[in-house]
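Quick notes on the structure that follows.
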Amino acid sequence: TGNEGDAANHTSGVFTQTGETRIIELQVADDQLGIEVNIWFNRPDRISVAIISPSGEILQKIPEKLKGVVTLKFTLEGTIATLLYDYPEEVTGNGHISIGFTNVRGGIWQIVLVGEYIVNGRYDAWTYQKDFLRPGTKFLQPDPEVTLTIPSTSRTIIVTSYYNQDTGTVVPTSGRGFTRDGRVKPSVTTGGVNVLTTKSGGGTTIITGSSAATAVLTGAVALILQWGVVEGNKPALYPPKINTLLIS
Numbered sequence: 013t014g015n016e017g018d019a020a021n022h023t024s025g026v027f028t029q030t031g032e033t034r035i036i037e038l039q040v041a042d043d044q045l046g047i048e049v050n051i052w053f054n055r056p057d058r059i060s061v062a063i064i065s066p067s068g069e070i071l072q073k074i075p076e077k078l079k080g081v082v083t084l085k086f087t088l089e090g091t092i093a094t095l096l097y098d099y100p101e102e103v104t105g106n107g108h109i110s111i112g113f114t115n116v117r118g119g120i121w122q123i124v125l126v127g128e129y130i131v132n133g134r135y136d137a138w139t140y141q142k143d144f145l146r147p148g149t150k151f152l153q154p155d156p157e158v159t160l161t162i163p164s165t166s167r168t169i170i171v172t173s174y175y176n177q178d179t180g181t182v183v184p185t186s187g188r189g190f191t192r193d194g195r196v197k198p199s200v201t202t203g204g205v206n207v208l209t210t211k212s213g214g215g216t217t218i219i220t221g222s223s224a225a226t227a228v229l230t231g232a233v234a235l236i237l238q239w240g241v242v243e244g245n246k247p248a249l250y251p252p253k254i255n256t257l258l259i260s
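Just so it is clear: in the sequence shown, position 31 is 43 by the working numbering, and no numbers are missing.
Now the structure itself:
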């Protein structure tokens, strides 16, 4: 599920009725040269946006479009914002708004969401993974849920988060589910703290994180496949069956 659980790069909220507004506050570090925010919401909801810069300059509500890119410039900051309304998005059919900032000024940016037509109400917003964020760049009201990373949102694969196997505790950095559409991911959790493994050039090393947990789980799945397929105990083994065996 990745290592984005405590990265403060996801936020969410709920509209209760048409006409309401919600504000996403994004703090941008002074040395963050560019950033992008992607907002997702369920059909048939429609949302439009306005943007307020750190200096207080306001770009009034930009009318929603079925498809189209709008380029906006903030005079005081010199920041260029590129806005894409993606209704409906090609793969999911849901609503998607992409806002990209170049030459972005440090400070608190406010993205004002306007509920033009609300049935479901929930929205989620993500920005870059933490490796691409400068220290201090984050959402000010982060939501640690739904922070699992691609490809762990795939429908058929086996997905693991990671925990501290020595203390039995949750690791804050571990990406969390569920998926945005409510599917149960991850299906299992695996120890991923201070895992002993080999290193390039020979010898051993200690690693921590989602990749370590994934390697441990991969070894377990390989043993199940050996027992089932190679040794003939359960020749037809596919991810759903293996998932059930792991859980049980």
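Ideal placement from N, C-alpha and C gives every residue a C-beta, glycine not left out.
Fair warning: this is a prediction, and the values are worked out from it, not measured in the lab.
Residue nearest to residue i in terms of C-alpha spacing, selected from the options
i	options	result
residue 122	137, 132, 129 and 77	137
residue 106	133, 189, 245 and 220	133
residue 85	98, 99 and 70	70
residue 224	235, 210 and 140	210
residue 150	14, 98, 44 and 99	44
residue 53	229, 161, 201 and 27	27
residue 48	237, 200, 234 and 144	144
residue 101	72, 62, 68 and 58	58
residue 228	56, 126 and 173	173
residue 259	247, 199, 188 and 15	199
residue 129	237, 29, 251 and 233	29
residue 176	219, 63 and 191	219
residue 82	89, 67 and 63	63
Burial state of residue i, where buried means 16 or more other Cβ atoms lie within 10 Å
i	result
residue 253	exposed
residue 135	buried
residue 109	buried
residue 235	exposed
residue 160	buried
residue 103	exposed
residue 23	buried
residue 87	exposed
residue 222	buried
residue 230	exposed
residue 15	buried
residue 196	exposed
residue 183	buried
residue 189	buried
heavy atom of the ligand MN below 7 Å from residue i C-beta
i	result
residue 161	Summarising the ligand content, the structure contains no ligands, and the ligand MN is consequently not present.
Whole-angstrom C-beta distance between residue j and residue i, which should lie under 8 Å
i	j	result
residue 293	residue 34	Not covered by the structure: residue 293. The range shown for the chain is 13 to 260.
residue 17	residue 185	5 Å
residue 61	residue 125	6 Å
residue 21	residue 139	5 Å
residue 191	residue 217	About 33 Å separates the two Cβ atoms, so there is no contact after all.
CB contact below 8 Å: residue i versus chain C
i	result
residue 226	Going by chain labels, chain C is absent from the structure shown, which holds only one protein chain.
Assess, as a yes-or-no matter, whether the segment 113–132 is touched by the segment 92–99 under the definition of 3 or more beta carbon pairs within less than 8 Å.
-> yes
For the segment 164–182 and the segment 30–41, state whether three or more C-beta atom pairs, one from each stretch, are separated by less than 8 Å.
-> Taking 8 Å as the limit for Cβ pairs, the verdict is that the segment 30–41 does not touch the segment 164–182.
Segments assigned beta strand (DSSP E), at least 3 residues, entirely inside the segment 129–213 = 134–138, 172–176, 200–203 and 207–210
Three or more beta-carbon pairs under 8 Å between the segment 237–244 and the segment 202–216, yes or no?
-> With the cut-off at 8 Å, the segment 237–244 and the segment 202–216 do not touch.
Please go through the segment 227–259 and give each complete alpha helix (DSSP H) segment of 4 or more residues, from N-terminal end onward.
-> 251–259
May I have a chain-ordered list of the beta strand (DSSP E) segments no shorter than 3 residues that lie completely inside the segment 64–120?
-> 70–74, 79–85, 92–98 and 107–114
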